[in-house]
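What follows is a set of notes on a single structure, which appears directly below.
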């Protein structure tokens, strides 16, 4: 079974070990935008979705 790819609303752990919420997927699925799960703070991006480990799916429908 393959790992589920992170999508908008998912709680993830990135390649640097930071917990984050996926807020957007841009550039035709080439860039994932992340933000801290609590407390605000700066957003960051990754172009490597395989580096995102889904900790908790958003619970929304999977429309990918």
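In the numbering used here, the protein residues as written are 817 to 880.
Glycine included, C-beta positions come from ideal geometry on N, C-alpha and C.
Inter-residue spacing [alpha-carbon to alpha-carbon] between residue i and residue j
| i | j | result |
| --- | --- | --- |
| residue 867 | residue 827 | 13 Å |
| residue 857 | residue 875 | 24 Å |
| residue 836 | residue 853 | 5 Å |
| residue 860 | residue 844 | 17 Å |
| residue 831 | residue 869 | 8 Å |
Exposed unless 16 or more other CB atoms sit within 10 angstroms - verdict on residue i
| i | result |
| --- | --- |
| residue 862 | buried |
Pair within 8 Å by beta-carbon distance, residue i and residue j
| i | j | result |
| --- | --- | --- |
| residue 841 | residue 824 | yes |
| residue 865 | residue 834 | no |
| residue 839 | residue 851 | yes |
Bridge partner(s) assigned by DSSP for residue i
| i | result |
| --- | --- |
| residue 828 | 836, 870 |
Please give me, in chain order, every unbroken run of the beta strand (DSSP E) with length at least 3 that falls completely inside the stretch 840-872.
Listed in chain order, the complete beta strand (DSSP E) runs (minimum 3 residues) inside the stretch 840-872 are 847-851, 860-862, 869-872.
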